[in-house]
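All remarks here apply to the structure that follows.
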Amino acid sequence: MPFNFLDLNNDVRKLMVSELESDIKNGKVYISTRFTPEGEAAYPKLLKVAIETGTEATLATSIDNPDFFKLLEANTSKTGIEDTRNVSDIAYLTFAEGEFNTYYMRGLCLHATNEGRTLEIYRAKEVGEARNESVVKIGTSIDAVTFLEELRSREANHFKYPVSGWLGGPNSGLSVKLI
Numbered sequence: 001m002p003f004n005f006l007d008l009n010n011d012v013r014k015l016m017v018s019e020l021e022s023d024i025k026n027g028k029v030y031i032s033t034r035f036t037p038e039g040e041a042a043y044p045k046l047l048k049v050a051i052e053t054g055t056e057a058t059l060a061t062s063i064d065n066p067d068f069f070k071l072l073e074a075n076t077s078k079t080g081i082e083d084t085r086n087v088s089d090i091a092y093l094t095f096a097e098g099e100f101n102t103y104y105m106r107g108l109c110l111h112a113t114n115e116g117r118t119l120e121i122y123r124a125k126e127v128g129e130a131r132n133e134s135v136v137k138i139g140t141s142i143d144a145v146t147f148l149e150e151l152r153s154r155e156a157n158h159f160k161y162p163v164s165g166w167l168g169g170p171n172s173g174l175s176v177k178l179i
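The opening position of the sequence shown corresponds to residue 1 in my numbering, with each subsequent residue numbered one higher.
In structure tokens, the structure reads:
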């Protein structure tokens, strides 16, 4: 099921592109550790195309390439034993959704700031079983300036959601909208 980005328009897309270009210039584009060298090289361009004219679904389709993702990844069990495991068949989809949503939220933060508006958490994608920690966040108002700073502060190649915990983790289906 696709995301429903309520405020995605040409103005927000331009701001998203601006955020991406800044990340590219400063070496802050998040590159999945699951990418192969080919995927790593192709990804920023594919992300830009999706931001300019597509959605998280078009980004997912463009990176769903057997040459772009590793088949195996390192794994450390709870007991500390190191081995390898298969990369999830939907790793590309989870990655594309999270990254497109992140740039959407960054663009929307800029848009909200420019218009003196506030943001609110909403369910942008239906999920099979919503986590309680996600459900309770729906309807929460967010300061756009603070949220943008948090979204920008994540370190390149070390993805993490903002420390404020405003949003759920990967696959939460949460995003923000203008209010």
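Just so it is clear, CB atoms sit at the ideal spot from N, CA and C, and this is done for glycine as well.
| query | result |
| --- | --- |
| Assuming L20 and I51 are in contact, meaning their beta carbons sit under 8 Å apart, how far apart are those beta carbons, in whole angstroms? | 6 Å |
| Please work out which residues of its chain come closer than 7 Å, Cβ to Cβ, to A156, disregarding the five sequence neighbours upstream and downstream, and give them in chain order. | Unreliable placement is indicated for A156, whose pLDDT of 44 sits below 50; no coordinate value is reported for it. |
| What does a CB cutoff of less than 7 Å around L15 pick up in its chain, not counting 5 residues either side in sequence? | G107, L110, H111 |
| Take R85 and list the residues in its own chain whose beta-carbon comes closer than 8 Å to its own, dropping the five residues that flank it on each side. | L72, E73, N75 |
| Any idea if H158 is buried or exposed, counting beta-carbon neighbours within 10 angstroms, 16 or more meaning buried? | Its pLDDT being 44, under 50, H158 is placed unreliably in this model, and the value from its coordinates should be taken loosely. With fewer than 16 Cβ atoms within 10 Å of its Cβ, H158 is classed as exposed. |
| In angstroms, rounded to a whole number, what distance separates the CA positions of L119 and A144? | 6 Å |
| Roughly how many angstroms separate the alpha carbons of T53 and Y43, rounded to a whole number? | 15 Å |
| Who does V176 pair with in a DSSP beta bridge? | I121 |
| Tell me the DSSP secondary structure of L6 in three-state form. | coil |
| In the DSSP assignment, the alpha helix (DSSP H) including E149 goes from what residue to what residue? | 144-153 |
| For N132, does the three-state DSSP call read helix, strand or coil? | helix |
| Answer yes or no: do A96 and F69 have a C-beta to C-beta separation smaller than 8 Å? | no |
| What is the C-beta distance between S62 and Y122, in whole angstroms, given that I count them as a contact (C-beta under 8 Å)? | About 26 Å; that fails the 8 Å criterion. |
| Which of helix, strand or coil does DSSP assign to D83? | strand |
| Ordered along the chain, which non-local residues of its own chain (more than five positions away) have a Cβ less than 7 Å from that of E40? | I31 |
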